[in-house]
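The numbering used here numbers the first residue of the sequence shown as 110 and each following residue consecutively.
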Amino acid sequence: MQNKGAILTFAILLAAVSFYQLSFTWKSQQIKKAAVEYAQGDPDKEFHYLDSMAGEVVYNFFGLKKFTYKDVRELELNLGLDLKGGMNVTLEVEVKDIIRAMANYSTDETFVKALAKADEKKTNSQEDYVSLFGKAFEEIDPNAKLASIFNTLELRDRVNFSSTNAEVLDVIRKETDAAIDNAFNIIRTRIDRFGVAQPNIQQLQTRGRILVELPGVKDQNRVRTLLQGTANLEFWETYENQEVYQYLLLANEKIRELDAVKVEQTTNEDVAETPAAEKDTTAANALLAEMQDESAADTSAAGIDNMANFQKQYPLFAVLNPSTDQTGQLFKGPAVGIAQAKDTMAVNAYLNNPQIRSLFPRDLRFAWTAKSMDQAGTLYRLIALKVTTRDGRPPLDGEVITDARQDFDQMGSNPEVSMQMNSEGAKIWQRMTKENVGKSIAIVLDGYVRSFPTVNGEIPGGRSSITGLESIEEAKDLANVLKSGKMPAPARIIQEDIVGPSLGQEAINSGLISFVIAFVLVLVYMLFFYSKNAGLAANIALVANMLFIFGVLASLGAVLTLPGIAGIVLTIGMSVDANVLIYERVQEELRAGKGIKLAITDGYKNAYSAIIDGQVTTLLTGIVLYLFGSGPIKGFATTLIIGILTSLFSAIFITRLIFEWQLKKGGRILFTSSITDNWLRNTHIKFLEKRKIAYVISGALIVLSIGSLVVRGLSYGIDFKGGRTYVVRFDQDVKVSDVQNALAVVFDGAPEVKTYGESNQVRITTDYKIEDNSENIDNEVEALLMKGLKDGGLLDQGVTLEQFTDNYQQSSQKVGPTISDDIRKESAIAIGFSLLIIFLYILARFRNWQYGLGAVAALAHDSLIVLGIFSLLAGALPFSLEIDQAFIAAILTVLGYSINDTVVVFDRIREVMGLHPKRRSEENMDEAMNSTLRRTFSTSLSTFVVLLAIFLFGGATIQGFTFALLIGVVVGTYSSIFIATPIAYDTRNRVNKVIEKRNK
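Now the structure itself:
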């Protein structure tokens, strides 16, 4: 063995690096265990313990370097969200809003229509939004000029009236790219200050999309607010209540007139409804006192009549109580009215009516307060803002903020945010406060008034504060957002995965159990089949391989997910293949009469070709998965790629070093046991004679599969169709029908509900309001989910939303319609690209297109049958058979495994044909397949047993995934012998016959 010293040195160094990297994980787990013991079940105590340890030196590496707990935590092996719990969010920056802002919110008809058309195109296109907008603009009006819209003050140095549309689009693209990069940096800054251990923030391949992974996060609502908040901070001058009240009276009169016209136009109805006829109000004011003497709680007929009369006479004031006292005196300040939360939409509808809006001054705007007046959160104030600039923008905005921090008011009890402005902002702030002494200045954040303090005097220096905050956490988040900067455009959540910590712990337990069982089974099998000598060498290599995989994962900062564990376990099964190929070759050399030393040397040499061909094709599949996958699928691909590389090194070099050492010691080396020595040895099965039977069987299976796909179709997961999925665990066993009926009321139709694992746990899938991109829609849907379960008697009425998300909702997933369309396309590309590169690799390696055709035909055969089985058995098995990203990963893994098996057979065929060129190709192919039967049996059996262990003990999360792999191993083994080789044989014969006819 050449370069033995270098290989041994590399193996020792790799092992040392792996031990070093994994030592941080070991130390981190020690500290976390101490925190759990200290906290005694109190999560706050556990958090504070770990937080206090952040700067403490906890690890002294042989006196060479000291590491704090923060350092150790950053260097430990990262666990994915499905193992640790937390949030995985994909955000999309609204490029549309950036373009609108660049055009100064132009109302040009072609511009507005182009944006709307670009939105439609976006759903079914992979192009960036700017390109879609440019095409839509040209389609609507080919002669329209973008320069006339974008020749704004900010862009006048880059856009003039002679600029072509292409030139303007280039400017827009550069500006949007800069805005997206800015949004990414802002989100990263916000997350860094949020205090999450090992967050992952990265821009995705699709421009404008940002992936945020937050392990261990529990307060998902807080994260959503932090990520989606634009931090659009504005400072506005205000109107006084006394100035606006007269306009409200005029508005009320106009609304009454409009309602009267509606009544006159209504026919065949005894009673005509006013827009607020069904609204009632509990607040009393001077106007209501004039119209009715009864209290607001009076339920007498007279009281009801008076209320109805009041609503007809004062429709606006029935939903917006003017800011007056009981005597009718108007309050001072900019608050012009109070409304219940349920009435704010009605007030907005009135005030935004063009006929009503024309009654107010052009510089008057309205905004609601962010904080309610009462603890119940039902009463909100309406604030009158004054526009003092020509462009309608606020005189001062958040761009002038240079610093912001969480603080407390003068009493030291209420949290607030103190802000510092730059020099330009300080001058404007000083002028504003000077001109508004005795009046209020409204501080507006994201369209809601946070506070409207009265100015007591001129404020120099640019200092100000935001009050009216409910908690220290809210103040910290707001300061974080303001300090990191204003988002150039809203970033909306288009995909979201949330895994609760308890479900994550269960995933760890089930993953470890399946890993240990599979690992032990493989070790026992190798000892049984290949004796204690060769079997022990393979097992030592396998243990070293596991050390290398975990060490490399830790050193690369890769994330270990549940599919990643499945990838490692699958690697265990497939890594046996290299050892099996070597051992079978060594045995052949021994039977040829060679000595043990020469047999080992030649056995390794002759096995290299098949090993490399088989592993490279699987490696290519893993690379495709990594490039086109995301989240857990990328984790699976990462471990698969690392596992293949480390398996090659371990199987080829470590076992060789062991044998070299044994030969040097003079020990006897056995490569088979007495029980398995003659198993499948010297078989003479005529496979090609039986190929027509195989064609019939495969044809029948394919026809059945296609028929099921046409008739029954496939059960698509939300990855492919969009929607929300929730895993909910109840205190008692529940029936699927009960959950469906309970949620049908709140979700406007029954969602899909399936038992998930135990009988007290279900998975709920719904597409309710999935196309709604409003900021709080995810929280609203969760609240409706809880309400439906409560009303259906499945949850206790006292359960709060926080308790529901923490204790009952084990995980959730959201995929928007846009990203689901992208996932479908990426999956199709991934499968197609995998087949293409496999075909090209085999074509290049074997220099014969018939082999490539046979291999690809076998892969298509395997894919169709797996799809057909998923279609036929969907809903019949007690686990999910949905087609999602995990299934695509399974299909690609099946393709990799199948091609690995096929390439080994092809490689042996090429070798046999080289040895017997004059013999009939049918005989050569049969001999090659017979000679690889022992290897096929060993590899397939060990891989199947490993997958069976994952399937039985790996938990409900990946049962569908491993079920597809189990089918794939069986079908893939069959197709490599009965489909790939026969098709290569038949096409080759047909080509030869055609050539012979031409030569004649």
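Note that beta-carbon positions come from the ideal geometry of N, C-alpha and C, so glycine has one too.
A distance of 8 Å or more separates the beta carbons of Ala653 and Ile761.
Taking 8 Å as the cut-off, the Cβ atoms of Gln604 and Val924 count as close. According to the DSSP assignment, Lys863 belongs to the beta strand (DSSP E) that extends over 861-864. Within the region 485-563, the complete alpha helix (DSSP H) runs of at least 4 residues fall at 532-544. Following the DSSP letters along the chain, one finds Asn197 inside the beta strand (DSSP E) bounded by residues 195-202. Fewer than three Cβ pairs drawn from the region 508-515 and the region 544-551 lie within less than 8 Å of each other, which leaves the two stretches out of contact.
Pro431 and Gln922 have their alpha carbons spaced roughly 44 Å apart. The Cβ atoms of Ala998 and Phe839 do not sit closer than 8 Å to each other. Separation of Val1080 and Phe220 (C-alpha to C-alpha, rounded to the nearest whole angstrom) is 55 Å.
Spatial neighbours of Val326 in its own chain (CB-CB distance under 7 Å, excluding positions within 5 residues in sequence) are listed in chain order as Gly195, Met196, Val305, Val332. Using a Cβ distance threshold of 8 Å, Leu425 and Asn361 count as a contacting pair. Beyond the five residues adjoining it in sequence on each side, Ala939 comes within less than 6 Å, by CB distance, of Val733, Phe737 in the same chain, given in chain order. Checking the DSSP bridge columns, you'll see Pro324 partnered with Gly195. Contact check for Leu789 and Leu1042: beta-carbon distance about 5 Å, within the 8 Å limit, so the pair qualifies. Per the Cβ contact rule, the region 940-952 is in contact with the region 963-976 (3 or more Cβ pairs under 8 Å). Scanning the region 806-880 for uninterrupted alpha helix (DSSP H) segments of 4 residues or longer gives 827-830, 845-855, listed from N- to C-terminal end.
Counting along the chain, Tyr168 sits inside the beta strand (DSSP E) bounded by residues 166-170.
One alpha carbon belongs to Leu632, the other to Ala851, and they sit about 50 Å apart. The three-state secondary structure of Leu903, taken from DSSP, is coil.
Secondary structure at Lys923: strand, using DSSP grouped into helix, strand and coil. Contact between Ala588 and Val526 holds, since their C-beta atoms are separated by about 5 Å, short of 8 Å. In this structure, Phe242 sits away from Ala253, with a CB-CB distance that is not shorter than 8 Å.
Nearest C-alpha to Val854 among Val871, Ser817, Leu818, Leu893: Leu893. Closest option to Tyr639, judged by alpha-carbon separation, among Thr781, Leu728, Phe259: Thr781. Annotation for Leu1075: Phe1053, Leu1056, Leu1057, Phe1060 place their beta carbon closer than 8 Å to its own, counting only its chain and skipping 5 residues before and after.
Membership of Trp958 in the alpha helix (DSSP H) is indicated by the continuous run 958-982. Leaving aside the five residues that flank Lys706 on each side, the residues in its chain whose CB is nearer than 7 Å to its CB run, in chain order, Leu772. By the Cβ-count criterion, Asn885 is exposed, with fewer than 16 other Cβ atoms from all chains shown falling within 10 Å of its own Cβ. When the Cα atoms are used, Gly446 and Ile575 turn out to be separated by approximately 22 Å. With fewer than 16 neighbouring CB atoms inside 10 Å of its own CB, Phe170 falls in the exposed class. Membership of Glu1032 in the alpha helix (DSSP H) is indicated by the continuous run 1030-1040. In this structure, DSSP gives Phe780 a state outside helix and strand, which the three-state scheme calls coil. Boundaries for Phe440: no alpha helix (DSSP H) harbours it, and the DSSP string shows neither H nor E there.
The alpha-carbon of Leu986 is positioned some 11 Å away from that of Gln1068.
The alpha-carbon of Thr726 is positioned some 20 Å away from that of Ser1047. Counting along the chain, no alpha helix (DSSP H) covers Leu468, and no H or E run does either.
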